[in-house]
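**Student:** In mature numbering (1 follows the signal peptide of the UniProt record, and there is no 0), the protein residues as written are -15 to -1, 1 to 233.
#1: Between which two residues does the alpha helix (DSSP H) carrying residue 175 extend?
#2: Can you give the beta carbon distance from residue 70 to residue 193, rounded, assuming they're within the 8 Å contact cut?
#3: Could you check if residue 7 is buried or exposed, using at least 16 other CB atoms within 10 Å of its CB as the buried criterion?
#4: Using the Cβ count rule (16 or more neighbours within 10 Å means buried), how would you classify residue 85?
#5: Taking just the CA atoms, how far does residue 183 sit from residue 116?
#6: Report yes or no: do three or more beta-carbon pairs, one from the stretch 165 to 172 and one from the stretch 41 to 56, lie closer than 8 Å?
#7: Less than 9 Å separating the beta-carbons of residue 126 and residue 153?
#8: So is residue 54 buried or exposed if we call it buried at 16+ other beta carbons inside 10 Å?
#9: Should residue 180 go down as buried or exposed, given a rule of 16 or more other Cβ atoms within 10 Å for buried?
#10: May I ask you to report which of helix, strand or coil DSSP gives residue 18?
#11: Using three-state DSSP, classify residue 134 as helix, strand or coil.
#12: If you measure between the beta carbons of residue 72 and residue 196, is that distance less than 9 Å?
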């Protein structure tokens, strides 16, 4: 059953994307290591460019420098956004529980006494599969942007720009775009947009440190002194999301 769901998911993104005759292979790539160094100086004038692992000198999947840089930039922005959502979610789950029924049997969510990690462990396996299925769909939609005539993020698309969900809205049901869903950026100046993109990267980096600070404090007592008084000990493993109930 789950294998069938995953298989159908792979084809779903392409099914709702219109064909487009525009050739995106001719899009001029604008992100290079020099661009990374320039952006790094704007993001943090003190540290500036810092790449101890030499990732920016790599050639991922033999795609070339520009494509590799595009992959790195898009990945950092995406993970920063996930971390911002995780940080806010952790704070909400630590202080509030939705009181209405959340499961088909009419039961509410996990107990308020549980930590966010324990709450995840307590939800039904089917609910976890729903979440991962949605994540998989969003990832595939991002990778199939060329079917909408939008270049892949390794081939010229602006890092962090998520393809429109308009084909999904037209063929399935209403869904807001993930990238600028309310169109607030349309009338902003280019300078304002550039500052906003830089702020998003810095906020994402801070959120990545923040969420792992929470997780570390719960997992290893005293590892984050500032959180020692509010940390809730957790003996599970957040890197194994289906721990104890993974079945195919």
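Cβ atoms here follow ideal geometry from the backbone N, Cα and C, with glycine treated the same way. Small disclaimer: the values here were computed from a predicted structure and weren't measured.
**Tutor:** The short version:
#1: Segment 175 to 204, the alpha helix (DSSP H) holding residue 175.
#2: Not confirmed; about 11 Å, so no contact.
#3: Unreliable placement is indicated for residue 7, whose pLDDT of 42 sits below 50; the coordinate value is still reported in the next sentence. Looking at its Cβ environment, which holds fewer than 16 other Cβ atoms inside 10 Å, residue 7 is exposed.
#4: exposed
#5: Rounded to the nearest angstrom, the two C-alpha atoms are 29 Å apart.
#6: no
#7: yes
#8: Burial check for residue 54: the Cβ neighbour count within 10 Å reaches 16 or more, so the residue is buried.
#9: That one is exposed.
#10: helix
#11: coil
#12: Between residue 72 and residue 196, the CB-CB gap stays under 9 Å.
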